[in-house]
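Only one structure is covered here, and it is reproduced in the block below.
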Amino acid sequence: MHYRFIYRRLVLASLLLVAASGMSWAATATPAATSKLVDINHANVKTLLTLPNLTEAQANKIIASRPFGSKSWLLTKDIISAEQYAAIKDLVVANQAIKKPKKTSP
Numbered sequence: 003m004h005y006r007f008i009y010r011r012l013v014l015a016s017l018l019l020v021a022a023s024g025m026s027w028a029a030t031a032t033p034a035a036t037s038k039l040v041d042i043n044h045a046n047v048k049t050l051l052t053l054p055n056l057t058e059a060q061a062n063k064i065i066a067s068r069p070f071g072s073k074s075w076l077l078t079k080d081i082i083s084a085e086q087y088a089a090i091k092d093l094v095v096a097n098q099a100i101k102k103p104k105k106t107s108p
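Quick note on the numbering used here: the sequence shown kicks off at 3 and runs consecutively.
Here you go:
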């Protein structure tokens with residue numbers, strides 16, 4: 003009985019310590035997860051390789067297959083597997099190029 007009391011107090015103290023320090027019980031994030039989203043329409047090979055389980059050949063294929071209308075095109079264009087897509091879908095975006103307005107002559 004005494005051990006349960008001590009165990010509960012230790013668990014409660016640990017939870018309070020984590021909450022107070024702003025720490026998380028989650029595993030260490032990958033480099034891509036700690037920074038902003040990777041834009042598959044504009045990222046270079048080095049940036050694409052920060053994504054989990056992406057090979058250099060796949061990164062080059064992404065660059066060669068641009069532009070992407072959406073990130074799901076990585077699947078429809080058969081560039082990565084469904085498992086790889088599930089791992090990176092929350093880490094990538096497919097931003098479209100910003101079109102500059104045409105200058106009108108006065």
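By construction, the Cβ of each residue, glycine as well, lies at the ideal position given by its N, Cα and C atoms.
Item: Residue environment, ALA61, which counts as buried when at least 16 other CB atoms sit within 10 Å; Value: buried
Item: In chain order, each beta strand (DSSP E) run of at least 3 residues that lies wholly inside the segment 49–83; Value: none
Item: Under 7 Å between C-beta atoms of VAL47 and LEU93; Value: no
Item: Alpha-carbon spacing of ASN55 relative to ALA99, whole angstroms; Value: 27 Å
Item: LYS73 burial status per 10 Å Cβ neighbour count (16 or more: buried); Value: buried
Item: Cβ separation of GLY71 and ALA96, assumed to be a contact under 8 Å, to the nearest whole Å; Value: 7 Å
Item: One or two residues paired with VAL95 in a DSSP bridge; Value: ASP41
Item: Distance, LYS38 Cα to ILE81 Cα; Value: 22 Å
Item: Alpha-carbon to alpha-carbon, LYS91 and LYS63; Value: 17 Å
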